[in-house]
Amino acid sequence: DRGWAWQVPLLELPRAQFLLMSATLGDVSELAADLSRRTGRTTAVVDDAKRPVPLTFSWSVEPLAETLQELMGTGQGPVYVVHFTQAAAVEHATSLLAAGRGTAVRKQERNDAIAGFRFGPGFGRTLAKLVKAGIGVHHAGMLPRYRRLVETLAQRGLLEVICGTDTLGVGINVPIRTVLFTGLAKFDGNRQRILRAREFHQIAGRAGRAGFDTAGYVVVQAPEHVIENEKARARSDAKNAANPKKKSKPHLKKPPEGSVVWSEQTFDKLVNGSPEPLPSRMKVDNAMLVNVLAREEDAFPVLRRLLTENHESRRNQLRLARRAVRLMRSLVRSGVVTRLGQPDEHGRRYVLTVDLPDDFALNQPLAHFALAALDVLDVEAPTYPLDVVSVIEAVLEAPRQVLFAQQFAARGEAVERMKADGIDYDERMLLLEDVTWPQPLAELLEATYAVYRQTHPWLPEDALGPKSVVREMWEQGMGFTDLVARYQLARSEGLVLRYLSDAYRTLRQTVP
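Encoded structure:
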């Protein structure tokens, strides 16, 4: 979804010389021809480069613990174990620690490396125990400083195992000899599906360190039911060999209902497959329009070029142009943009409102609604500053783990109150369905949004999300660690930090 940000320089900088590098771009013939046409330069495609460190791929039907133990025992570490949820990565790492699978090798070096590093409460304490044993954890839900610590220790060769997510495929700086996939299926935000060839090769390609290794290893675990069935067959074969007259049939398990299953054929197909062609992801939003309008030239030729000379199909180009017109009208109606009677000295017919702050930006999809919604607040109310915060929080992306934790806590408190009031179990369960996370100003904002959509009908009906994270922290006098501790969010500290950063940035850049 962020691909459009890379397309804009290709469209807007025709006199620049570009070097595009990737091992997983797939067929680039159309992209190469497009670059030559735009820049007037010949585009050279280098697509026959050999890996400096060859990869060996293997399929494993042994239990994960045994596979990992064998890899470590045969000198194929350090190993990055790929999980597809953050919780699974942490659980596997802690299980290795509990089973005594850490390593005492270079223990003093690790202790020296982390001396003076401040591990916070909660997950920080868990991570401290793990890295002391030579076990790392790496996923996007961790605080950036914890991720950097794991990367630094890995670069120094002080971690033998890192349990992480598929963030390895986006180019984190972790030198690895072996990549061990726990599976080949992931949840992409909408559904469970098999990895694409591009995703598989992006992750697998991290194995083998140029200048350190002569070979890299990629191991893929079979599904758990397949591993169990292999064991059952082996036991059955052993019984039959011991007593040929009494035939034993293995009891085979089926995959869990509704699960996405991969096989050795899936593995072979991914290993031998070429990365899929890279599709265009061009989009237009309020932030793009504001950035173009801030230039000292007429915005319309620039937008026309961006939206009609990009890499999209003609149908999608027209769709983007229509969306740009709708967004521009919204910006004019909300007072962010002013239409001039005559072009100014730069030829501009539309300009940003002069009293906007220097760092004004509409980086949230509903930021223009938030700007309009501020007008319905009572500036004389003692809660006005916090109400402004609630308006901004309502247009931010939902930090689901935080909201679910708030809901869980609210329902726990509600149950205690209902028990004290003598409400029976069945009625309590019905009443609990209405208990959710805090949603200040929900009625006012939803009513305002319904009116706003009458003149902005393209906005999604359910895009608004009232919530109270920043506001609750202020009202309850909580700091970051207090919030994490109250709602047991140790595994999602990185998510909490990103949400708070987004809230601060949006407040600073949106509120006049």
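Quick note: the sequence shown, position 482, residue 479 per our numbering, numbers continuous.
No residue lacks a Cβ here, since even glycine has one placed at the ideal position from N, Cα and C.
Whole runs of the alpha helix (DSSP H) within the stretch 207 to 276, excluding any shorter than 4 residues: 221 to 239 and 261 to 269
C-beta atoms of R86 and T162 nearer than 7 Å: If you number the sequence shown from 1, residue 86 lands on position 89. If you number the sequence shown from 1, residue 162 lands on position 165. The sequence shown places Ala at residue 86, rather than the Arg named in the question. Against a cut-off of 7 Å, the Cβ pair of T162 and A86 comes out as a contact.
Euclidean distance between Cα positions of L267 and N170: Position 270 of the sequence shown, counting from 1, holds the residue named residue 267. Position 173 of the sequence shown, counting from 1, holds the residue named residue 170. Cα to Cα, L267 sits roughly 24 Å from N170.
M426 classed as buried or exposed, judged by whether at least 16 other C-beta atoms fall within 10 angstroms: Translated into the one-based positions of the sequence shown, residue 426 becomes position 429. With fewer than 16 other Cβ atoms within 10 Å, it is exposed.
Best match in H136, T21 and F209 for proximity to Q152 [C-alpha to C-alpha]: Residue mapping note: residue 152 aligns to position 155 of the sequence shown, counting from 1. Ranked by how close their Cα comes to the Cα of Q152, the residues H136, T21 and F209 have F209 in first place.
Beta-carbon gap between L156 and L150 smaller than 7 Å: To locate residue 156, count along the sequence shown from 1; it is residue 159. To locate residue 150, count along the sequence shown from 1; it is residue 153. Yes. Within cutoff.
DSSP three-state assignment for W56, whether helix, strand or coil: The residue given as residue 56 occupies position 59 in the sequence shown. W56 falls in the strand class under three-state DSSP.
Endpoints, beta strand (DSSP E) assigned at V76: Your numbering for residue 76 matches position 79 in the sequence shown. Run containing V76: V76 to V79, per the beta strand (DSSP E) assignment.
Neighbourhood of Q361 by C-beta distance below 6 Å, restricted to the same chain and skipping five residues each side: Walking along the sequence shown from the start, residue 361 turns up at place 364. Only V392 and T503 meet the Cβ criterion.
Beta-carbon proximity of T211 to Q73, cut-off 7 Å: Taking the sequence shown and counting its residues from 1, the one referred to as residue 211 is at position 214. Taking the sequence shown and counting its residues from 1, the one referred to as residue 73 is at position 76. No, these two residues do not count as a Cβ contact at 7 Å.
Proximity to H365 [Cα-Cα], best of D282, D265, E63 and G117: Taking the first residue of the sequence shown as 1, we reach residue 365 at position 368. Taking only the C-alpha atoms, the option nearest H365 is D282.
Alpha carbon of M139 to alpha carbon of G154, nearest angstrom: Counting from one through the sequence shown, the residue named residue 139 turns up at place 142. Counting from one through the sequence shown, the residue named residue 154 turns up at place 157. So the two alpha carbons sit approximately 21 Å from each other.
In chain order, each beta strand (DSSP E) run of at least 3 residues that lies wholly inside the stretch 46 to 132: 52 to 57 and 76 to 79
Beta-bridge partners of I191, as assigned by DSSP: Within the sequence shown, the letter at position 194 stands for residue 191. DSSP lists A182 as partners of I191.
Member of G205, R193, V58 and G113 whose CA lies at the smallest distance from the CA of P51: Within the sequence shown, numbered from 1, the residue matching residue 51 stands at position 54. Checking every option, the nearest Cα to that of P51 belongs to G205.
Residues bridged to T335 (per DSSP): Taking the sequence shown and counting its residues from 1, one reaches residue 335 at position 338. Answer by DSSP bridge pairing, in chain order: V348.
Beta-ladder partner(s) of L177, from DSSP: For the purposes of this step, residue 177 is identified with residue 180 of the sequence shown, where counting begins at 1. According to DSSP, L177 bridges with V78 and V216.
Ranges of the alpha helix (DSSP H) found wholly within the stretch 356 to 402, counting only runs of at least 4: For secondary structure counted as the alpha helix (DSSP H) over 4 or more consecutive residues, the stretch 356 to 402 holds these complete runs in sequence order: 364 to 370 and 381 to 391.
Local Cβ density within 10 Å of K183, reported as buried at 16 or more and exposed below that: For the purposes of this step, residue 183 is taken as the residue at position 186 of the sequence shown. So K183 ends up on the buried side.
Alpha-carbon spacing of Q485 relative to Y496, whole angstroms: Residue numbering aside, residue 485 sits at position 488 when the sequence shown is read from its first letter. Residue numbering aside, residue 496 sits at position 499 when the sequence shown is read from its first letter. Going from the Cα of Q485 to the Cα of Y496 covers about 16 Å.
C-alpha distance - V287 paired with S331, whole-angstrom precision: Position 290 of the sequence shown, counted from the start, is the residue given in the question as residue 287. Position 334 of the sequence shown, counted from the start, is the residue given in the question as residue 331. Rounded to the nearest angstrom, the two C-alpha atoms are 13 Å apart.
A447 in three-state terms, based on DSSP: As a working mapping, residue 447 is identified with position 450 in the sequence shown. A447 falls in the helix class under three-state DSSP.
Coil, strand or helix - I420 by DSSP: Along the sequence shown, one-based indexing puts residue 420 at 423. Residue state, collapsed to three classes: coil.
Span of the beta strand (DSSP E) around G161: As a working note, residue 161 is residue 164 in the sequence shown. Judged by DSSP secondary structure, G161 falls within the beta strand (DSSP E) whose first and last residues are V158 to G161.
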